[in-house]
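Convert by adding 918 to the 1-based position in the sequence shown; the result is the number in this note's numbering.
Okay, so here's the structure we're looking at.
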Amino acid sequence: MTGSVARRAVAIAVAVAVAHRVVAVVAVAAVTALIGGVSGLVAGCSDEAAGDADTAAVTDAVAAPSGTLSVLTYNVHGLPSMITGDDTTARIAQIAPRLDAFDIVGLQEDFIDGNHAVLAAAVTHTTKEHFDDVLPDRAYGSGITTFARFVSLASEGRHFSTCVGLLDHASDCLASKGFLMVRLQLALGVELDVYVTHLEAGGSDEDMAARVIQVDEILAAMAELSAGRALIFMGDTNLRFGDSAAEKALLEHIEAGASLSRVCAAVDCAEPDRIDRIYFRSSDAVTLTPTAWRVVPGFVDSEGVDLSDHMPIEATIAWAAALAP
């Protein structure tokens, strides 16, 4: 082989080798890119799935809280035995454990400290508020108590400015009647104001005039303390639509004066004219929806005798908080 031919042969061999190396490098690069693409696709799918899970978790976390309340109003006839004519303390002791079945309880005529202690000891409610302040010229406090399964954020009791009768009429001036407001926290940032009262008893014109003043004092307090807030108002009103035009007008004033609605009317209850009443009002922040009303059975002694001269009234009310904008 001549020198020139040999040199050409070497050059060709080198070129072939280089070409094969380039092909190999390209092949390796292609495979690497393919693997990277598949990995990126898998990672992208994983990120998308994680994103969906995160979205679901956030949706669950911001879902508006809601629930259902069992609300009881009950005049326990807690006057001294010399007035009731029976064993008041024994009756209270039988009433007490029955109250634990309800989320929010508003009591009237819980006058005697020892009997109140029996009631409070028997229930497991978180909040136990008793408006027992006695005015200087009275024998008893207001008789108003609120038990609730929710934390109390604030409370305020106020006495009425008027009453009729010490030893005549219905002897309302023996007690320091008024109303109790308790602000409850249903959930974090969700609040409900609960008012409990016991209005003037008696059927005279003077008694009716006192009830008008008392209702106006409650409505004024609602405007002052609970403007724009969801609330429940309950108690012994000593008012019936069917008794007189004046009582009908005052009951209508209660509703119109604070934008209240009767639970009984909302659910078309069977006994709309009982004097023990429960009202409700929603707000922009909390919607209240009554679903049931009933006279609660079972508040009787071993012989089937009622444990009070009033029957306990229960309302079932669904509540739902609005989502913050």
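Heads up, the beta-carbon is just placed ideally off N, CA and C, and yes, glycines get one too.
- In this chain, the beta strand (DSSP E) harbouring Ser1073 covers 1069 to 1077.
- Judged by their CB atoms, Tyr1197 and Arg1180 are nearer to each other than the 7 angstroms cut-off.
- Using a C-beta cut-off of 8 angstroms, the segment 1105 to 1114 makes no contact with the segment 1010 to 1021, since fewer than three inter-stretch Cβ pairs fall below that distance.
- The beta-carbon distance between Gly1096 and Gly1120, rounded to whole angstroms, is 17 angstroms. This is too long to meet the 8 angstroms contact definition.
- A Cβ-Cβ contact shorter than 7 angstroms links Ile1062 with Val1114.
- Counting every other CB atom within 10 Å of its CB across the protein chains shown gives Asp1224 a total below 16, marking it as exposed.
- The continuous alpha helix (DSSP H) containing Lys1166 extends over residues 1163 to 1176.
- Collapsing the DSSP output to three states places Arg1009 in a helix.
- By the criterion of a C-beta distance shorter than 7 angstroms, Val1130 is surrounded in its chain by Leu1168, once the five residues flanking it on both sides are discounted.
- Per DSSP, reduced to three states, the secondary structure at Ile1131 is helical.
- Per the coordinates, the alpha-carbon of Asp1028 lies some 33 angstroms from the alpha-carbon of Ala1203.
- For Thr1044, the closest C-alpha among the options Leu997, Thr1064, Asn1033, Ala1057 is that of Thr1064.
- Taking the C-beta atoms as reference points, Leu1117 is found no nearer than 7 angstroms to Thr1080.
- The beta-carbon distance between Val1082 and Glu1135, rounded to whole angstroms, is 15 angstroms. This is too long to meet the 8 angstroms contact definition.
- In the displayed model, Ile1030 falls within coil according to three-state DSSP, outside both helix and strand.
- Residue Gln1103 holds the alpha-carbon nearest to the alpha-carbon of Ala1072 among Thr1042, Asp1055, Gln1103.
- For Met1229, there is no enclosing beta strand (DSSP E), since its DSSP letter is neither H nor E.
- When only Cα atoms are considered, Ile1010 and Ala1174 end up about 36 angstroms apart.
- Taking the Cα of Gly996 as reference, the smallest distance to any Cα among Leu987, Thr1209, Leu1037 is reached at Leu1037.
- In terms of Cβ geometry, Leu1178 and Glu1165 do not form a close pair [threshold 7 angstroms].
- Relative to Leu1137, the option among Ala1008, Val1185, Met1099 whose CA is nearest is Met1099.
- By the beta-carbon neighbour count (other beta carbons within 10 angstroms, threshold 16), Met1152 is buried.
- Val1041 and Ala1014 do touch by the CB rule: their CB atoms are close to 7 angstroms apart, below 8 angstroms.
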